[in-house]
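For the sequence shown, our numbering puts the final residue at 224, and the numbers step up evenly by one. Encoded as structure tokens, the structure appears first; notes follow it.
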Amino acid sequence: VQRVALSLILAASGSLGCDAELEPVYLWPYDAAPEAQTVDGLIAVEAEHYTSLSANGTPVSWTLVSIDSDAGVEPDPDPSHAATASGGAYLEALPDTFVTGPSESVPGTNFFDDPTSAPFASYEVRLAQPGRYYVWVRAYSTGGKDNTAHVGMDGQWPESGRRLQLAAVDTWAWSSNQRDAGGSLYGQPRTIWLDVADAGIHTILFAVREDGFELDKWVLTPDSEFVPEGFGPAEATGL
Ligand SMILES: [Ca+2]
Ligand SMILES: [Ca+2]
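Right, here's the structure in full:
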């Protein structure tokens, strides 16, 4: 396990203010920002602490659901899961029209196998070291038509970030599985990753593949043995 400190910056309004000499600091768009900490190469970010969201010309958007407010977007067949979400909030891809039962996938409308034309959320982070980062997400699905997404970086969507697959249903669960990896529809752990060529500011991207996907929190870790549990690491803290 590499023991290199890593810092994280989230841009509050597009101005990153990055400076390699600065102590790591959050620039959350929230007043109650946690104090930043240096960590052992791992970062953890609440999905609701995004830098920006884009529908990317589609009818679907990542939409905030919290203990204080429902998404207010219909149709959304399942109830809020904010009460059991990390931080009491998450993003859901809404509206959700591709659901278990008599519904059809419509590419570009409720199903986005190609992440380049999918709705996405952006997170500005500062990575203090290059290398391979395994991607874990804490997410919720209520069926097989709500349980995949894509991960990208800096406007790119590498094959290793495509088709992130949840293996659990009707519960919050962590996954780093790529659909079909290892000969299983539900994939295998640590088959979703991002290769980072240079330290510095990067934009981590999460795109919708199936509407109704609920994204609570995500982790990047260089540790191939790390498996998050429960709510996972506190934001930006490490092992
Ligand atoms: Ca769906
Ligand atoms: Ca959350």
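The beta carbon of each residue, even a glycine, is placed where N, CA and C say it ideally should be.
- Distance from Tyr118 to Leu190 at the Cβ level is roughly 13 Å; contact not present, criterion being Cβ atoms closer than 8 Å.
- When the alpha-carbon of Asp99 is set against those of Gly197, Val193, Val30, Ser209, the nearest one is in Val193.
- At the C-beta level, Ala106 and Trp47 come within 8 Å of one another.
- Residue ranges of uninterrupted beta strand (DSSP E) with 3 or more members, entirely inside the region 72 to 157 and ordered along the chain, are 74 to 79, 105 to 112, 116 to 125, 133 to 138.
- Taking C-alpha positions only, Leu49 is separated from Pro207 by approximately 29 Å.
- Exclusion of the five residues before and after Gly217 leaves Ala29, Ser71, Trp121, Arg123, Trp159, Lys202, Val204 as the residues of its chain whose Cβ lies within less than 8 Å of its Cβ.
- The continuous beta strand (DSSP E) containing Asp180 extends over residues 178 to 181.
- Taking the Cβ of Lys202 as the reference point, every heavy atom of ligand 1 lies at 7 Å or farther away.
- Less than 8 Å divides the Cβ of Glu195 from the Cβ of Asn132.
- Not one heavy atom of ligand 1 is found less than 7 Å from the C-beta of Phe97.
- Phe83 and Glu199 have their C-alpha atoms spaced approximately 14 Å apart.
- Excluding residues up to 5 positions away in sequence, Ser107 lie with their Cβ nearer than 7 Å to the Cβ of Ser37 in the same chain.
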